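Encoded as structure tokens, the structure appears first; notes follow it.
Residue numbers (full-length UniProt numbering): 1 to 390.
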């Protein structure tokens, strides 16, 4: 088969003549991929910021397709079923899964000891996302083995296109969870840093959940235009002060809810702290750039909530934790509990409340995937979301 594989920093290749995956456990299924996508989180691997990648690892954690084989114990799926596969691999049986905390499944990370050392406690297993999360081959490939496939996959009903449902595996529930965990009230201003794919779904989720006003912060005109079309007031941080504009929009009090849809690679360069982060990262004294976190802590209204779907992988510096503590801020964060949200979101798609395909700006073949990583990374050609067709 063909697959996009990691061969080092900024070195993704479409390799062929790879062995097709096979059933390894009775609960497995094999999926023939019909659509997959490049996620913003993949760029952290592309840029070399996440530890635990190995030469030849298959990329990708947003994918869907047709079931072509199932293990003997898998009673949920049958050959020919069309499924979306959440990026979080979950057993459905452990204590955390029973509580709905699927992104911290206690069984699915087969490299638990590595994750415990890196993060203090393991995450769930994740597709295509370093050996710290299990070293599972990803979905930017023609075929994928899906563990715990009698629980994790979402079976898709007739009448919906790949483009409408593909993002149920990651960015739609990620944006939804980011908004839901803010407990949005009708009087709230919700400020969202980042107008990438997760930011776009966070904007629309906050609007659906009834925020008084939604503000989206970025510096790419095409992404800001998409956020505005979704109902957001936009701020281009290259052209105006984020703090001053948010103060203006909230009568000087700050937004009640602040969402970091950026993560470890904040690209702001106008402030001293962002330059400081880049220098420290360059000499390996800091792994992540937390400019957005700092800005949210400073600007959020006292007793407000910070929601963090953006991925962080290690150590950050110069965090104004005293300000956050004394303002009484609540932090909610983590990888997405995808299966907690998929039934509700699939129904919203079926009912026409939202069509997730709005976010797609580029559709290319798997062979063109390596070039599209660079396009997505540098936000060329108005790129917001790339879909790959094996």
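Here a beta-carbon is modelled for each residue, glycine too, at the ideal position from N, C-alpha and C. All values reported here derive from a predicted model rather than from experimental measurement.
Burial state of residue i, where buried means 16 or more other Cβ atoms lie within 10 Å
i	result
residue 72	exposed
residue 440	It is not possible to answer for residue 440, since the shown part of the chain is limited to 1 through 390.
residue 256	buried
residue 308	buried
residue 51	exposed
residue 385	buried
residue 127	buried
residue 86	buried
residue 291	buried
residue 335	buried
residue 325	exposed
Whether residue i touches residue j by CB criterion (8 Å)
i	j	result
residue 122	residue 116	yes
residue 12	residue 369	yes
residue 220	residue 64	no
residue 89	residue 4	no
residue 173	residue 68	no
residue 136	residue 120	no
residue 302	residue 332	no
residue 129	residue 373	no
residue 153	residue 77	yes
residue 19	residue 145	no
Bounding residues of the beta strand (DSSP E) (the contiguous stretch that carries residue i)
i	result
residue 384	Run containing residue 384: none; DSSP gives neither H nor E here.
residue 216	213–218
Pick from the options that is closest to residue i, judged by C-alpha positions
i	options	result
residue 198	210, 187, 211 and 169	169
residue 60	80, 14, 299 and 104	14
residue 36	365, 247, 50 and 194	365
residue 93	154, 106 and 145	106
residue 251	274, 223, 237 and 213	213
residue 381	273, 34 and 360	360
residue 163	56, 362 and 110	362
residue 394	42, 155 and 38	The question about residue 394 has no answer here: the residues shown for the chain are numbered 1 through 390.
residue 287	241, 78, 317 and 334	317
residue 315	49, 23, 42 and 39	49
residue 31	95, 96 and 62	62
residue 41	244, 108 and 196	196
Element boundaries [alpha helix (DSSP H), containing residue i]
i	result
residue 291	291–299
residue 44	40–46
residue 349	338–350
residue 201	197–208
residue 392	Missing from the structure shown is residue 392; the chain here goes from 1 to 390 and no further.
residue 171	171–180
residue 253	Unbroken run through residue 253: none, as it is neither H nor E.
residue 222	221–229
residue 325	321–326
Min CB distance residue i to chain B below 8 Å
i	result
residue 37	In the structure shown, chain B cannot be found, because there is only a single protein chain.
Counting pairs of beta carbons, one from the segment 202–214 and one from the segment 175–190, are three or more of them closer than 8 Å?
-> Yes, the segment 202–214 is in contact with the segment 175–190.
Per the contact definition of three or more C-beta pairs closer than 8 Å, is the segment 144–155 in contact with the segment 25–34?
-> Inter-segment contact for the segment 25–34 and the segment 144–155 is present: three or more beta-carbon pairs are separated by less than 8 Å.
With contact counted as at least three CB pairs below 8 Å, one residue from each stretch, are the segment 203–218 and the segment 228–239 in contact?
-> In short, these stretches touch, since the Cβ pair count reaches three.
Contact the segment 92–107 vs the segment 181–192: 3+ CB pairs below 8 Å | In short, these stretches do not touch, since the Cβ pair count stays below three.
Contact the segment 258–266 vs the segment 307–322: 3+ CB pairs below 8 Å | Yes: at least three Cβ pairs fall under 8 Å.
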